[in-house]
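K.L.:
Below: one structure in structure tokens.
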Amino acid sequence: MRLNINKKTDERLQRIQESLSAIRIIKMYTWEKFFGHKIDEARKKEMKEMMKAFYLRTVMVIITLLSSKIGFYALVMTYIWFNGTASAEVMFYIMKCFETLKHTIAHSVSHGMSRLAELSASLNRIDAVLAAEELNEKIEEPTSKPKVHLKDIKVCIKDKIVLQNITLTIQGGLNVVTGQLGSGKSSLIKVILNDYPVDEGIVETIGRKSYASQDPWLFPSSIKQNILFGEVYDEGRYQEVVRVCALKFDFSLFPRGDETIIADRGLNLSKGQQARINLARTIYKESDIYLIDDSLTALDSLVQDFIFSECIRGFLKNKLCVLVTHNNKHISNADHVIVLDNGRVEFQGKEPNISKDILAAIEESDIHKTGGNEKEKCESDADETTQLLTSDTLIKRRRVYHEINKEGSVSAEVYSKYFKFGGGIFLFSLVIIMYIGSQFIESYISKLLTNWVNIQQNITNVREANATSFIEKVTVSTGSISNEFIRNVTSEFYDLTINTTSEPSNDTDINYNVPSIETLELKSDETLNMYSMMIASFVILELMKYYLILKFARNASALFSIGGIIILIAVVNWRFFIPSLTFIGFLILLRNFYMPAARSIKRLESATRSPIVGHLNASMEGLTTIRASKAQDILTYEFDRHQDVYTSAHYTSFCIKRAFGFYMDLFSTLFLSIIVGRFLFFDLGTSAGDVGLAITQAASLSMISQKCLILWTELENYMTSVERVLEYTHLETEHSEGLKIENWPCKGEIKYMNVCLTYTNTNERVLKDISFVVKSKQKIGIVGRTGAGKSSIISTLFRLYNYEGKIIVDEVDIKTLSLKFLRQHISIIPQDPIMFAGTVRSNIDPLQRYSDEEIWKTIHKIHLENIIPSLDLKITDNNSNFSTGQRQLIYEATANMDPETDILIQKAIVDNFSGCTVFVIAHRLHSVLDCHKVMVMDKGEIREFDNPFTLMEDKSSMFSKMLNNSGLSDTK
1 MRLNINKKTD
11 ERLQRIQESL
21 SAIRIIKMYT
31 WEKFFGHKID
41 EARKKEMKEM
51 MKAFYLRTVM
61 VIITLLSSKI
71 GFYALVMTYI
81 WFNGTASAEV
91 MFYIMKCFET
101 LKHTIAHSVS
111 HGMSRLAELS
121 ASLNRIDAVL
131 AAEELNEKIE
141 EPTSKPKVHL
151 KDIKVCIKDK
161 IVLQNITLTI
171 QGGLNVVTGQ
181 LGSGKSSLIK
191 VILNDYPVDE
201 GIVETIGRKS
211 YASQDPWLFP
221 SSIKQNILFG
231 EVYDEGRYQE
241 VVRVCALKFD
251 FSLFPRGDET
261 IIADRGLNLS
271 KGQQARINLA
281 RTIYKESDIY
291 LIDDSLTALD
301 SLVQDFIFSE
311 CIRGFLKNKL
321 CVLVTHNNKH
331 ISNADHVIVL
341 DNGRVEFQGK
351 EPNISKDILA
361 AIEESDIHKT
371 GGNEKEKCES
381 DADETTQLLT
391 SDTLIKRRRV
401 YHEINKEGSV
411 SAEVYSKYFK
421 FGGGIFLFSL
431 VIIMYIGSQF
441 IESYISKLLT
451 NWVNIQQNIT
461 NVREANATSF
471 IEKVTVSTGS
481 ISNEFIRNVT
491 SEFYDLTINT
501 TSEPSNDTDI
511 NYNVPSIETL
521 ELKSDETLNM
531 YSMMIASFVI
541 LELMKYYLIL
551 KFARNASALF
561 SIGGIIILIA
571 VVNWRFFIPS
581 LTFIGFLILL
591 RNFYMPAARS
601 IKRLESATRS
611 PIVGHLNASM
621 EGLTTIRASK
631 AQDILTYEFD
641 RHQDVYTSAH
651 YTSFCIKRAF
661 GFYMDLFSTL
671 FLSIIVGRFL
681 FFDLGTSAGD
691 VGLAITQAAS
701 LSMISQKCLI
711 LWTELENYMT
721 SVERVLEYTH
731 LETEHSEGLK
741 IENWPCKGEI
751 KYMNVCLTYT
761 NTNERVLKDI
771 SFVVKSKQKI
781 GIVGRTGAGK
791 SSIISTLFRL
801 YNYEGKIIVD
811 EVDIKTLSLK
821 FLRQHISIIP
831 QDPIMFAGTV
841 RSNIDPLQRY
851 SDEEIWKTIH
861 KIHLENIIPS
871 LDLKITDNNS
881 NFSTGQRQLI
891 YEATANMDPE
901 TDILIQKAIV
911 DNFSGCTVFV
921 IAHRLHSVLD
931 CHKVMVMDKG
941 EIREFDNPFT
951 LMEDKSSMFS
961 KMLNNSGLSD
971 TK
């Protein structure tokens, strides 16, 4: 049952993480309610499983604890029934034995069974990893004659054939692999790398291999370390690689050059910079076979052509290079071309021999993927607008994986809010009253038991004794059993209440209402890691939620038990009140010495855990690159280093805890010795029952006090996670209120009037006094180098940032509009293809506004009908059943199904924006040549804004020079 709860919790956390990772797209498509509903549904399923566990746990705990009480009284009554003597030593000895038995059955056994279940699950996972099929590692030797030979290759992934009947031989030169989207190009590269297991056929490679992935993989370290990646540093080779990969200009702008620290997943770099650094790592490694999987697509045409000329055709001219691309210019310059279609080799040979139909299909695939003159595309690249960081900020980024630590103890406000979310002050007060009442009954019953033992030893009238003892037996047993029932039902009920509402408000409030400037800017360490840390805090809170409630319940119970025990001891002899309070005072003093050290070590332990998680995540994402680079030992060593640091902190925390326990035991022994010594040497006339009561209660006080302090300490440690989650509820929210104007926009006229955009965290101005006018139905192409401010213009149109100046659309200032209303009336196709776990239908039409027929029409328009057999096709968590290009096409369908563009559904993708005002951000210049105007951006300013052919005729214009460098100057 606990495993079922974990499964449902994992599903909900997956929904949260999925939403946070795509928060920008969710905001722009105004899908907040849809994803909020998905999280709520996952929460309801989780709660259903939790309710089952609650009922079962309540029954089991009550039965276990009542059994111990019933067993004790049944044993005592049976003992007396058979004429046994109810002496103090017998009664209190049996009582302590049953107390130990109760603790063992109720806590130790259940805890052990829970740990056993977790151990079993862990062992099963370890067994699955150890039993998994291993890839055949082959020794790669340097050679002057590299070769790749594949014969009758067949590869199946999850029962799906991705490659079949592949036979080819590659020997030297530039070999281009091309084909339509999803044809198996990346799979072919991974077969050559021995990263995919081959079901049939032979794979032979001669020479050392180097690999550049389609999606750039970078790890948190300096740019130089990402390029070297364990290779020996060669100054000459390194500088040449930096040059041919067009990185010199970027390094000159970074305050720390190639020593700039790359953030987690390269968030402080543009897509183009990530791709070039990823390529530089591949090129720097001295190899014989270079496999480049479509790594140039994310680059501007100018940079792309420079790298193709200087790097691939220049630096690698004497190597065997396999390049995956759709670019016809690159295909025409290849020594050997391999065309794939549906996992088969459709053509291989020289480029002039390729049929026109094949080239047309490849070109169409290229247009769909990268944006061309037949489809107007509004790409948004938030990373591209990321400006250079200050030196101080870059130094801070050396600690990419870290926790933002606080100092001091958790404030009372955190506890207050936690209990408020758990049902309010009334329920909390009611639970406290129940605990007090429960402890009163427990203390009163203990005193009654003492009186009964005294009577049994001193009475002379047997009939009177039997009557009295019978009444007290019934009172003691009934009261004790009822007390256990009340105590545990109260505890379990409050556990459930806290569990159902302990997370602040709703997850959706935390996910979606934070301001976009926090979501997108990513300028400082805090904003860079905010969402990662939010996910981590949710995960930590979920993992320890049951422990937190358990710690609170036990801590409250222990606290009231201490009060009841002290009163009972004082009733026996009021002089014991002084040593009892002194003992408690010493323990609190000890706790005050222990807590600062324990808290610091605990936070250190948390801080050293983050690098392990970050390292594992980064390693899993770049597994193919790591294997291809033979860098497993480097990553293993790095993991071991992180693990050693964490283990040291964890062991130190354990040692401190043990030292704390030792001194508590020492004080407890001294306290118990004082109580026993008092009875031995001074209070000789005290009754046996009172002596037994005082000693057993003193022993209990010693044990419970230690337990209370340990629970108190652990509770505060756990509350730090609650504190972290509560921090996210204090983030400033977006101001979404505003006007909703009927039939707006009707023309699509856009005016930017002195618009400035400044990143508040770095005070860097990325748009500088931008002013321009776009007429209705015009298509505007925006070009410029990385970081010029292209996508910042689009971001301001969606009000993702707070900007200065005015943006007027159809005579309405968009700042006066409702934020949701504004975003619903603007459509965007993002550059990064993100798909959500679910079905094809839920990805294309999450709001369920359209019929199957309308969705299928859109799918046919983008030629995905052969890839999508059903709208109910499941999307895997990592989108592995779709290629990157296919995911991009599905996102085009998503944009077409936008609620405000449904009139365009009947038109083909190539025409569906013909009646709209369109901004096109493109890396390839030919995709903006049919625009009405082209905007050339440079350093946040508009350098040129005119008809593309007018700019082409002006040989001094920046646009004309860009066309010349890209080979498009003769375009008509």
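Residue 957 in full-length UniProt numbering sits at position 957 of the sequence shown; the count goes up by one each step and never skips. We treat Cβ as the ideally placed atom computed from N, Cα and C, and that holds for glycine. Bear in mind the structure is a predicted one, so any value in this text is a computation, not a measurement.
Relative to the C-alpha of Phe34, which candidate in Ile126, Asp127, Glu941 and Phe836 has its C-alpha closest?
P.N.:
Taking the sequence shown and counting its residues from 1, one reaches residue 34 at position 34. For the residues Ile126, Asp127, Glu941 and Phe836, the minimum Cα distance to Phe34 belongs to Phe836.
K.L.:
Do you know how far the Cα of Asp690 is from the Cα of Leu701?
P.N.:
Reading the sequence shown from its first residue, position 701 is the one you call residue 701. Reading the sequence shown from its first residue, position 690 is the one you call residue 690. Leu701 and Asp690: Cα-Cα distance of roughly 16 Å.
K.L.:
May I ask you to report which of helix, strand or coil DSSP gives Ser653?
P.N.:
Indexing the sequence shown from 1 puts residue 653 at position 653. Here Ser653 sits in helix by DSSP.
K.L.:
My output table needs one value for Arg281: the three-state DSSP class, helix, strand or coil.
P.N.:
As a position in the sequence shown, residue 281 is number 281, starting the count at 1. DSSP places Arg281 in helix when its eight states are reduced to three.
K.L.:
What did DSSP end up calling Glu310 once you bin it into helix, strand or coil?
P.N.:
What you label residue 310 is simply residue 310 of the sequence shown in a count that begins at 1. Helix at Glu310.
K.L.:
Applying the criterion that 16 or more other CB atoms from any shown protein chain within 10 Å of the CB defines a buried residue, is Lys145 buried or exposed?
P.N.:
Residue 145 sits at position 145 when you count from the first residue of the sequence shown. Exposed, since its Cβ has fewer than 16 Cβ neighbours within 10 Å.
K.L.:
Around the Cβ of Lys160, are there at least 16 other Cβ atoms within 10 angstroms (buried) or fewer (exposed)?
P.N.:
Taking the sequence shown and counting its residues from 1, one reaches residue 160 at position 160. With fewer than 16 other Cβ atoms within 10 Å, it is exposed.
K.L.:
Below 8 Å between beta carbons: does that hold for residue 981 and Val155?
P.N.:
Given that the chain is displayed from residue 1 to residue 972, the structure contains no residue 981 and the question cannot be resolved.
K.L.:
Here's a check: name, in chain order, each residue in its chain whose Cβ is nearer than 6 Å to the Cβ of Gly205, leaving out the five neighbours to either side.
P.N.:
Working through the sequence shown from its first residue, we reach residue 205 at position 205. One detail in the question is off: residue 205 reads as Thr in this sequence, not Gly. Once the five neighbours on either side are set aside, the close Cβ partners of Thr205 are Val148.
K.L.:
Count the other C-beta atoms from every protein chain shown that fall within 10 angstroms of the C-beta of Thr100, then say buried if there are 16 or more, exposed otherwise.
P.N.:
Position 100 of the sequence shown, counted from the first residue, corresponds to residue 100. Exposed.
K.L.:
Quick one: is Arg281 buried, meaning 16 or more other Cβ sit within 10 Å of its Cβ, or exposed?
P.N.:
For the purposes of this step, residue 281 is taken as the residue at position 281 of the sequence shown. The residue is buried, with at least 16 neighbouring Cβ atoms inside 10 Å.
K.L.:
Could you round the C-beta distance between Arg799 and Leu767 to whole angstroms and report it? I think they count as a contact, below 8 Å.
P.N.:
Counted from its first residue, the sequence shown places residue 799 at position 799. Counted from its first residue, the sequence shown places residue 767 at position 767. Between Leu767 and Arg799 the Cβ distance is about 14 Å, and since that is not below 8 Å, they are no contact.
K.L.:
Closest by CA to Gly738, which one among Leu291, Ile674, Lys815 and Asp258?
P.N.:
Stepping through the sequence shown from its first residue, residue 738 is reached at position 738. Checking every option, the nearest Cα to that of Gly738 belongs to Lys815.
K.L.:
Pick helix, strand or coil for Thr167, following the three-state DSSP scheme.
P.N.:
The residue labelled residue 167 in the question sits at position 167 within the sequence shown. Strand.
K.L.:
At 3 residues or longer, and completely inside the segment 183-225: list those beta strand (DSSP E) runs for me, N to C.
P.N.:
Complete beta strand (DSSP E) runs here, min 3: 200-206 and 209-212.
K.L.:
Rounding to the nearest angstrom, what Cα-Cα distance links Ile126 and Asp195 in this structure?
P.N.:
Working through the sequence shown from its first residue, we reach residue 126 at position 126. Working through the sequence shown from its first residue, we reach residue 195 at position 195. Cα-Cα distance, rounded: 21 Å.
K.L.:
I'd like to check one pair, Gly563 with Gln697: are the Cβ atoms closer than 8 Å?
P.N.:
As a working note, residue 697 is residue 697 in the sequence shown. As a working note, residue 563 is residue 563 in the sequence shown. Their beta carbons are not under 8 Å apart, which means Gln697 does not touch Gly563 by this criterion.
K.L.:
Roughly how many angstroms lie between the CA atoms of Leu269 and Glu49, to the nearest whole one?
P.N.:
The sequence position of residue 269 within the sequence shown is 269, counting from 1. The sequence position of residue 49 within the sequence shown is 49, counting from 1. Leu269 and Glu49: Cα-Cα distance of roughly 43 Å.
K.L.:
With 16 other CB atoms within 10 Å as the buried threshold, where does Asn226 fall?
P.N.:
What you label residue 226 is simply residue 226 of the sequence shown in a count that begins at 1. Its Cβ being crowded by 16 or more others within 10 Å, Asn226 is buried.
K.L.:
Is it the case that the Cβ atoms of Ile794 and Val755 are separated by a distance below 8 Å?
P.N.:
On the sequence shown, position 794 is the one that residue 794 refers to. On the sequence shown, position 755 is the one that residue 755 refers to. Contact: no.
K.L.:
Whole-angstrom Cβ separation of Arg313 and Leu193, contact assumed at under 8 Å?
P.N.:
Along the sequence shown, one-based indexing puts residue 313 at 313. Along the sequence shown, one-based indexing puts residue 193 at 193. Actually they do not touch by this definition, with Cβ atoms about 23 Å apart.
K.L.:
Would you be able to state if there are at least three C-beta pairs under 8 Å between the segment 207-216 and the segment 285-299?
P.N.:
A contact exists between the segment 285-299 and the segment 207-216.
K.L.:
Under 8 Å Cβ to Cβ from Arg276, same chain only, skipping five residues before and after it: list those, please.
P.N.:
Translated into positions along the sequence shown, residue 276 becomes position 276. Cβ within range, chain order: Cys245, Ala246, Leu247, Asp250, Leu299, Val303 and Ile307.
K.L.:
Once you ignore the five residues that flank Ile436 on each side, which residues in its own chain have a CB closer than 8 Å to its CB?
P.N.:
Taking the first residue of the sequence shown as position 1, residue 436 is located at position 436. If we look at Ile436 and ignore the five residues flanking it on each side, its Cβ neighbours are Phe560.
K.L.:
Given Thr758, which residues of its chain have a CB within under 6 Å of its CB, disregarding the five upstream and five downstream residues?
P.N.:
The count along the sequence shown starts at 1 and reaches residue 758 at position 758. These residues qualify, in order along the chain: Arg765.
K.L.:
With a threshold of 16 other CB atoms inside 10 Å of the CB of Ser443, please say whether the residue is buried or exposed.
P.N.:
If you number the sequence shown from 1, residue 443 lands on position 443. Counting Cβ neighbours within 10 Å, Ser443 comes out buried, since at least 16 surround it.
K.L.:
Around the Cβ of Gln239, are there at least 16 other Cβ atoms within 10 angstroms (buried) or fewer (exposed)?
P.N.:
The count along the sequence shown starts at 1 and reaches residue 239 at position 239. Classification for Gln239: exposed.
K.L.:
I need the straight-line Cα distance from Ser960 to Val812, nearest angstrom please.
P.N.:
On the sequence shown, position 960 is the one that residue 960 refers to. On the sequence shown, position 812 is the one that residue 812 refers to. If you take the alpha carbons of Ser960 and Val812, they lie about 35 Å apart.
K.L.:
Would you say Cys931 touches the ligand HEM, meaning its beta carbon is less than 7 Å from a heavy atom?
P.N.:
Inclusion of the ligand HEM in the displayed structure is not the case, the ligand content being empty and no account of it being possible.
K.L.:
At the level of alpha carbons, what is the spacing between Ser210 and Gly236?
P.N.:
Counting from 1 along the sequence shown, the entry for residue 210 is found at position 210. Counting from 1 along the sequence shown, the entry for residue 236 is found at position 236. Each residue's Cα considered, the two are about 19 Å apart.
K.L.:
Helix, strand or coil: how does DSSP classify Cys97 here?
P.N.:
Numbered from its first residue, the sequence shown carries residue 97 at position 97. Note: Cys97 maps to helix in three-state DSSP.
K.L.:
Could you name the residues that DSSP lists as bridge partners for Lys779?
P.N.:
Stepping through the sequence shown from its first residue, residue 779 is reached at position 779. Paired residue(s): Val918.
K.L.:
Within 10 angstroms of the Cβ of Gln848, are there 16 or more other Cβ atoms? Answer buried if so, exposed if not.
P.N.:
Taking the sequence shown and counting its residues from 1, the one referred to as residue 848 is at position 848. By the neighbour-count rule (16 or more Cβ atoms within 10 Å), Gln848 is not buried but exposed.
K.L.:
Given this structure, state the Cα-to-Cα distance separating Val920 from Gly781, to the nearest angstrom.
P.N.:
Here the question's residue 920 lines up with position 920 in the sequence shown. Here the question's residue 781 lines up with position 781 in the sequence shown. Distance between the alpha carbons of Val920 and Gly781: 5 Å.
K.L.:
By Cβ distance below 8 Å, which residues in the same chain neighbour Asp152 in space, the five residues on each side in sequence not counted?
P.N.:
For the purposes of this step, residue 152 is taken as residue 152 along the sequence shown, with counting starting at 1. Contacts found: Asn165, Ile166, Thr167, Glu200, Gly201 and Ile202.
K.L.:
Can you check which of these residues, His650, Lys657, Ser956 and Ile25, is closest to Ile710 by C-alpha distance?
P.N.:
If you number the sequence shown from 1, residue 710 lands on position 710. It is Lys657 whose Cα lies nearest to the Cα of Ile710.
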